[in-house]
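To start, the structure under review is shown below, and the notes come after it.
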Amino acid sequence: MKDILLILGLILIVSCEQKFKLDPNINPFFQEWNTQFEVPPFLDIKDEHYMPAFKKGMEENLKEIDIIVDNTQEPTFENTIEELERSGKLLGKVQRVFSNLASSNTNSQLQELQRDLSPMLSAHYDKIRLNEDLFNRVELIWNDRENLNLSKEQQKLLSDTRKRFVRSGALLSNSEKKQIVEINSKISELTTAFGQNLLAETNGFELILDNSDLDGLSESVISAAYESATQKMDNAESDNDREKYKDKYLFTPHRTSMYPFLTESTRRDLREKLYNSYVMRGDNNNETDNKKIAVQIAKLRVERANIMGYQTHAHYVLEENMLKSPDEVYDLLIQLWKPALKRAKAEVDDMQAVADAEGKDFKIAAWDWWHYSEKVRKQKYDLDESAIRPYLSLDNVIQGVFNTTNKLWGLNFREIFDIDLYHPDARIWEVTDKDGSHLAMFIGDYFTRSNKRGGAWMSSFKGQSNLDGRERPIVVNVCNFPAPVGDNPSLLSFENAVTLFHEFGHAMHGILTNVTYGSMAGTSGPRDFIELPSQLLEHWVSEPEVLKSFAVHYQTGESIPDELVEKLLKAAKFNQGFINTEYLAASLLDMDWHTLTKEDILSNSNDFEKKSLNKIGLIDEIAPRYRSTYFAHIFSGGYSSGYYSYIHAAVLDSDAFEAFKEIGNVFDSNLSSRLRKEIYEKGSTEEAMDLYINFRGRKPIIEPLLKVRGLDGSLD
Amino acid sequence: MRLNRVSFTLILLFTSLTANSHNPERLVISEIERGQLTFENDQIAAEYNAALKRQRIRRLNAMTWIKKVYIFIKAGFEHIIPQGIDHILFVLGLFFSTLKFRSLILQVSAFTLAHSITLALAALGFVKLQLSVVEPLIFLSVVWVAFENCLFKQTTKWRPLIVFIFGLLHGLGFAALLSQYGLPKDNFISLLLAFNVGVEIGQLTVLLVAFILIRLIFRKYKSNNQLKIPASILIGIFGLYWFIESLI
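Protein chains in written order, with my numbering: chain A, 5 to 720; chain B, 3 to 250.
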């Protein structure tokens, strides 16, 4: 018997062994990956393989460009545009693996590599983008486009390709080009400085408290603050410093530290102090002040836009978006602004009523918001987060999202256990279509760990393309959910579950995509559009029918009670006046900064900001989500005149989901197949607005969003 | 408010890369909001090991019952040969203690019964002891058996009882390993049994090999006593060495 078992087991084990082997003496990036489903051979890839692969990848890429340029034949779509699509394969291969792992499973070597690679890569792509001979070929094809008999997708590819050259200055004179390079390098210095200043300012303020200052704070907040102080003490260099933190409690303007304090502390004076330290970041007239930098960046951006032939920076940015002009963006934001502000004022009244009932004789101020909104929440929307978690074990939620896409599009998921990924917590599934054909591989990497970046995102290890045969993608979702404790499953909060659906929506965009040219696949569309596929999927998790189908208690197996579902959905409307008002104020501020023209006189960032906020009538109880001096999205990230994107995508997803509500079936098959065909499959092969209209039959409207967020007057 | 995706447009130019949704862009922001990543190797290793265990359980859960049973028998066996040098020494200690087959059977049975009991109790969560405590004690039990072998010509009457008590300890050692390995809830009992069976097979293999070797190679020795003392001294020295090492 034992022998039989042994032999049986051996056969099974052998049959699971890797069927391929890489040559250990050759860099894995220089070899074919005949792995199962062409998943990167993670165990064979070592840190030292990246740099040589990047170097060779860039070298090969430039050679390929030379071949395109040196081609003595007339430039054609095939020998130029399509060849450009084909170029850079090796570079893409290494870049995908590297950029994923540098975020999801990083170490100090990878971090260092990332710093070294960043300038090398941008120089590399500059070489291609500024290659005049290459542009001339593209331009010849562009001028002849009417006679080429190109498909719609090819026309879009041609125009996108050309636009990239043009937007980097290909049509400019040499002196103009030089100016642009100078401006770019100045902007890049300033944005870096802005970010560094902000970091210093955020780290620079400390609220160090005694035992006697902790009124209202919960056990966990107190111990976290004590822990922060102890850590400071342990790292202190001098005895003086050590004494400063000894047996103290530390709070900082980092949001994770500040929000719990503002919510719980009954010490109004201390709330004010901490809150002010937050909103004054970058505005302290010291060496890390950001006011002048913001002004300089804005001025340089207009200058650049003007050279490029655009009226303002916003015009330059928006050209590529779904909303094409500043007018369209302002129009949207102002429409949303009024109902949001109205709701925010009602929320102030609610809070004031609580404060009055407590016998307080002050007017609610900005630093009171978290504390009193929490009291309102407890009264009106009381929801015990910990009561929900047992129903949301990670495996159940994953099953829930799989089932949802199965009902929508007939997709099936099969977990593959014998593929080694980059970390044992990462899992992989084969995704098959309703006819059983292979669609994609999906990797889910859900638990938080110390060598993973914060937040949640979607990315891919392999792209989709039909240019040279059918290539299907490998898509990944990375999240930071709590890892299981002991043998218990990981239990998610409802917010986590929504995040999982959100990221899976991006994954669907990457998985269902079906385009000819890889550069237009999946999530390659404009920023104010690509959150539609993700945010849209969130709506299903909040559908009672769907939620109840997978939210099953991990111990008792019972379905989540109706009463809890009801509370949960009602809670989604809590504090939306505040959330939308602070967000819209920041979005409008962003637009104001970037619709400045050369003639506008701009000297002081604070005056400018004040004027901008007065114009829309922002109330004192709310500050914009980001004030100019710490608006990293627009002054050190890439969101200039793009911060509105979030709410634009929200307008789209609410309006798109409303289509299902109108029919009365969230799994209506006609609608879901249209959704797949027009949105999830198309990537950026058509203008985003056209895609949307193809699906919805009309342009998006804001009313569904107002309803979802309780800004439609239903709560008054 | 969730933040969006990359503005890597320039970097991704001309490659067929699709941008990450939510990635590097938001990392700039989150570093400012949350501070930079620090790497604490101990923590990363601990997280990695916990993840490995989760992965093992996932993989096991996906297997057929028969394969799971095979894997646990194998794991039990491997915990004796080659990983369980402490258990091997202990069993050899028993082997060299007596020439009488009956006495050996009695001791080995007591040992088996005892470690099965604690293995089950610990696996079910009724008993818990730190491996750092159990391990030195196991080596000490090896030393004791060797010591006793040298001291008495015949095994004492209370020998099976002592072996039984030591067996309880060894069971805890097996359980510690098993818990690192992870036991799927669905087939808890059958896999626990399978693991135990593996341990027994390993143990019997040690005895069998020892028996054959002694019979084949050392046939010239008339009395086991000639071998008993030097072998036990050797076992005792090894046991002592590892005992001290496990304390450091």
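Glycine included, C-beta positions come from ideal geometry on N, C-alpha and C. These numbers were taken from a predicted model, which means no experiment stands behind them.
Cutoff 8 Å: R457 of chain A Cβ touching any chain B Cβ: Yes - at least one Cβ of chain B is within 8 Å of the one on R457 of chain A.
Cβ pair S143 of chain B, F92 of chain B closer than 8 Å: Against a cut-off of 8 Å, the Cβ pair of F92 of chain B and S143 of chain B comes out as a contact.
Boundaries (first-last residue) of the alpha helix (DSSP H) holding S733 of chain A: Since the first residue of chain A shown is 5 and the last is 720, residue 733 of chain A is not available in this structure.
Meets three-Cβ-pair contact criterion under 8 Å: the stretch 146 to 156 of chain B and the stretch 206 to 213 of chain B: The answer is no - the stretch 206 to 213 of chain B does not touch the stretch 146 to 156 of chain B, with fewer than three Cβ pairs under 8 Å.
Chain B contact residues for R453 of chain A, given Cβ-Cβ distances below 9 Å: Annotation: Cβ neighbours of R453 of chain A in chain B (cutoff 9 Å, chain order): Q45, I46, E49, Y50, A53.
Between the CA atoms of N31 of chain A and E116 of chain A - distance to the nearest angstrom: Spanning the alpha carbons of E116 of chain A and N31 of chain A requires a straight line of approximately 20 Å.
Residue range of the alpha helix (DSSP H) that includes N151 of chain B: Under the DSSP assignment, N151 of chain B falls in the alpha helix (DSSP H) whose first and last residues are 133 to 153.
Burial state of G668 of chain A (16 or more Cβ within 10 Å): G668 of chain A counts as exposed, since fewer than 16 other C-beta atoms from the protein chains shown sit within 10 angstroms of its C-beta.
Inter-residue Cα distance where the pair is L66 of chain A and T599 of chain A: Straight-line Cα distance between these residues: approximately 38 Å.
First through last residue of the beta strand (DSSP E) which encompasses L154 of chain A: For L154 of chain A, no beta strand (DSSP E) encloses it, and the DSSP letter there is neither H nor E.
Own chain, CB closer than 7 Å to N492 of chain A, minus 5 neighbours either side, in chain order: Once the five neighbours on either side are set aside, N492 of chain A has no close Cβ partner at all.
Under 8 Å between C-beta atoms of R774 of chain A and W146 of chain A: Past the boundaries of the shown model lies residue 774 of chain A; chain A is included only from 5 to 720, so the question cannot be answered.
3-residue-minimum beta strand (DSSP E) runs that sit fully inside the stretch 454 to 494 of chain A, ordered along the chain: List check, beta strand (DSSP E) in window: 461 to 466, 478 to 485.
G448 of chain A (DSSP reduced to helix, strand or coil): Note: G448 of chain A maps to strand in three-state DSSP.
Short CB-CB distance (under 8 Å) between E247 of chain B and chain A: No, its Cβ sits nowhere closer than 8 Å to a Cβ of chain A.
Inter-residue Cα distance where the pair is D238 of chain A and R246 of chain A: Looking at the backbone, the Cα of D238 of chain A and that of R246 of chain A are separated by about 7 Å.
For Y253 of chain A, three-class secondary structure by DSSP: DSSP places Y253 of chain A in strand when its eight states are reduced to three.
K431 of chain A versus K230 of chain B: straight-line alpha-carbon distance, rounded: Note that residue 431 of chain A corresponds to Arg in the displayed sequence, not to Lys. Approximately 54 Å, taken between the alpha carbons.
Extent of the continuous beta strand (DSSP E) to which F417 of chain A belongs: Judged by DSSP secondary structure, F417 of chain A falls within the beta strand (DSSP E) whose first and last residues are 416 to 420.
Close beta carbons around T270 of chain A, own chain, < 6 Å, minus the five adjacent residues each side: Closer than 6 Å at Cβ, skipping near neighbours: D219, G220.
L709 of chain A versus A654 of chain A - alpha carbon distance: When the Cα atoms are used, L709 of chain A and A654 of chain A turn out to be separated by approximately 7 Å.
C-beta neighbour in chain B for T110 of chain A, strict 8 Å: Taking 8 Å as the threshold, the shortest C-beta distance from T110 of chain A to chain B falls below it.
Interface flag, H427 of chain A vs chain B, CB-CB below 8 Å: Chain B has a Cβ within less than 8 Å of the Cβ of H427 of chain A.
Backbone CA spacing between F166 of chain B and W160 of chain B [nearest angstrom]: The straight-line gap from Cα to Cα measures roughly 10 Å.
Span separating the alpha-carbon of E707 of chain A from that of I338 of chain A: Counting only the Cα atoms, I338 of chain A lies some 14 Å from E707 of chain A.
Classification of D720 of chain A by the beta-carbon crowding that lies within 10 angstroms, buried from 16 upward: By the 10 Å Cβ count, D720 of chain A comes out exposed.
CB contact check: A487 of chain A to chain B, cutoff 8 Å: Interface residue, yes.
Among A:R90, A:L536, A:Q77, nearest to G473 of chain A - alpha-carbon criterion: Of the candidates A:R90, A:L536, A:Q77, A:R90 places its Cα closest to the Cα of G473 of chain A.
Residues that E419 of chain A contacts on chain B, provided the C-beta gap is smaller than 9 Å: Correct list: R60, A64.
Proximity test, I231 of chain B beta-carbon vs the ligand MG heavy atom, cut-off 7 Å: Looking for the ligand MG in the displayed structure turns up nothing, as the structure carries no ligands at all.
Proximity test, Cβ basis, 8 Å: E80 of chain B and chain A: E80 of chain B does not count as touching chain A.
Proximity winner among B:F213, B:L215, B:V129, relative to L256 of chain B (alpha-carbon distances): Examination of residue 256 of chain B is not possible in this model, given that chain B is present from 3 through 250 alone.
Segment limits, beta strand (DSSP E) that includes R629 of chain A: No beta strand (DSSP E) holds R629 of chain A; DSSP gives it neither H nor E.
Length of the line joining the Cα atoms of S112 of chain A and F451 of chain A: Taking the straight line joining both Cα atoms gives about 20 Å.
Terminal residues of the alpha helix (DSSP H) in which P100 of chain A lies: Here the sequence assigns Arg to residue 100 of chain A, which means Pro is not the residue at that position. Per DSSP, R100 of chain A belongs to the alpha helix (DSSP H) from 93 to 108.
9 Å Cβ cut-off: residues of chain A touching F41 of chain B: Taking a Cβ-Cβ threshold of 9 Å, the residues of chain A close to F41 of chain B are T110, N111, S112, Q115, S454, N455, in chain order.
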